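Asker: Counting with the numbering used here, you get residues 23 to 251 for the letters of the sequence shown. We treat Cβ as the ideally placed atom computed from N, Cα and C, and that holds for glycine. A quick note: this is a predicted structure, and the numbers were derived from the prediction, not measured. My questions all concern the structure below.
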Amino acid sequence: MAQQQNKLKLYSHWISSCSCRIRIVLNLKGLEYQYIPVNLRKGEHLSPDFQKLNPIGYVPVLVDCDDVISDSFAIFMYLEEKYPQIPLLPSDLHKKALNIQVANIVCSSIQPLQNRAVLVCLRVNLSLLCNCIEEKVGPDEKIPWAKFHIEKGFGALEKLLKDHAGRYVTGDEVSMADAFLAPQIDAGIKRFNVDMARFPILTRLNEAYSVLPEFQKAMPENQPDAPTA
Ligand SMILES: N[C@@H](CCC(=O)N[C@@H](CS)C(=O)NCC(=O)O)C(=O)O
Numbered sequence: 023m024a025q026q027q028n029k030l031k032l033y034s035h036w037i038s039s040c041s042c043r044i045r046i047v048l049n050l051k052g053l054e055y056q057y058i059p060v061n062l063r064k065g066e067h068l069s070p071d072f073q074k075l076n077p078i079g080y081v082p083v084l085v086d087c088d089d090v091i092s093d094s095f096a097i098f099m100y101l102e103e104k105y106p107q108i109p110l111l112p113s114d115l116h117k118k119a120l121n122i123q124v125a126n127i128v129c130s131s132i133q134p135l136q137n138r139a140v141l142v143c144l145r146v147n148l149s150l151l152c153n154c155i156e157e158k159v160g161p162d163e164k165i166p167w168a169k170f171h172i173e174k175g176f177g178a179l180e181k182l183l184k185d186h187a188g189r190y191v192t193g194d195e196v197s198m199a200d201a202f203l204a205p206q207i208d209a210g211i212k213r214f215n216v217d218m219a220r221f222p223i224l225t226r227l228n229e230a231y232s233v234l235p236e237f238q239k240a241m242p243e244n245q246p247d248a249p250t251a
């Protein structure tokens, strides 16, 4: 267990892949945290209180005493520097760059295109908030849209990792890229029906994650706010 003076607070939604990245990182670093659920389906992220924490209204948000950090990439960097006992960025320069590249492909070129706010309308009280594929293009288009962008990203990752992946993304040690990639693969399979037969390296990595307790504890279905049935 890493040296930790105060309990961290994580604002999270069970199915949010961005929150899942940080749950994995916290588990890998052995950091205890208080889980604060934010229900995106009920629009709790749009409340003035939550937007004081993160003006763009997205989870995750990490609170560490007086420090409030949002955006999973920034949260990762903060935790990596504050809790270096279990490092998740390799010191090898090339491996480090590859970690950042993989994490960025997930968080800049895949996940934003499958974000709920992009895909589906949200009803909050009596207002319907829409500016999404479901409304602008059509309800049947939202899954194919997301799937196209996920598969494009997965195809690129397969090519990129061909000469680098070991048991995990950059070798035989779990690192940052794994924490970002695992929730994206999980979402691709469970939420968007991606056929993983086209992505053998990612399939193998996903199998490796499935036996790591730090990853499994972080998965959507194991969160306190996940629906029970
Ligand atoms: N770049 C941000 C993206 C955060 C983000 O998109 N979070 C999603 C959940 S994974 C969210 O809160 N969506 C709100 C919505 O769909 O309205 C990060 O990496 O933390």
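(1) List in chain order: all unbroken beta strand (DSSP E) runs of 3+ residues lying wholly within the segment 31-118.
(2) Since K164 contacts I155 with CB under 8 Å, what's their CB separation in whole angstroms?
(3) According to DSSP, S149 sits in a beta bridge with which residue or residues?
(4) Would a C-beta distance cut-off of 9 Å place V3 and K51 closer than the cut-off?
(5) With distance defined between alpha-carbon atoms, name the residue in G160, L150, C129 and N61 nearest to L141.
(6) Who are the near neighbours of N76 in its chain, counting only those whose CB is closer than 7 Å to its CB and skipping five residues on each side?
(7) Using alpha carbons as the reference points, say which of V196, S34, A199 and E54 lies closest to Y105.
(8) Decide if the segment 107-127 is in contact with the segment 63-75; the criterion is three or more beta carbon pairs, one per stretch, under 8 Å apart.
(9) Using only the alpha-carbon positions, how far apart do Y166 and D88 sit?
(10) When you compare only the Cα positions, how much space is there between P205 and M241?
(11) Are there three or more Cβ pairs, one per stretch, closer than 8 Å when the segment 219-227 is compared with the segment 142-153?
(12) Leaving out five residues before and five after V196 in sequence, what residues of the same chain have Cβ atoms less than 6 Å from its Cβ?
(13) Is any non-hydrogen atom of ligand 1 found closer than 8 Å to the C-beta of H116, if you look at the structure I gave you?
(14) Buried or exposed for T192, going by 16 or more other Cβ atoms inside 10 Å?
(15) Output the distance between the C-alpha atoms of Q26 and L101, rounded to the nearest integer angstrom.
(16) G175 and I127 - do their beta-carbons sit closer together than 9 Å?
Answerer: Looking at the coordinates:
(1) List check, beta strand (DSSP E) in window: 55-59, 83-86 and 89-92.
(2) That belief holds up - the Cβ atoms of K164 and I155 are roughly 5 Å apart, short of 8 Å.
(3) Note: S149 sits in a beta bridge opposite V146.
(4) No statement about residue 3 is possible, as the shown extent of the chain runs from 23 to 251 and does not include it.
(5) Of the candidates G160, L150, C129 and N61, the one whose C-alpha sits nearest the C-alpha of L141 is G160.
(6) Closer than 7 Å at the Cβ level, and outside the excluded window around N76, lie V83 and S92.
(7) Comparing Cα-Cα distances from Y105 to each of V196, S34, A199 and E54, the minimum goes to E54.
(8) Not touching, per the Cβ criterion.
(9) For clarity, residue 166 is Pro in the given sequence; the question names Tyr instead. Whole-angstrom Cα-Cα distance: 42 Å.
(10) A direct Cα-Cα distance of roughly 7 Å separates P205 from M241.
(11) Counting Cβ pairs under 8 Å, fewer than three are found: no touch.
(12) In its chain, beyond the 5 residues on either side, Y190 have a beta carbon closer than 6 Å to the beta carbon of V196.
(13) Outside the cutoff, so no.
(14) T192 should be labelled buried.
(15) Linking Q26 to L101 through their CA atoms gives a straight-line distance of about 11 Å.
(16) Result yes, Cβ atoms of I127 and G175 sit closer than 9 Å.
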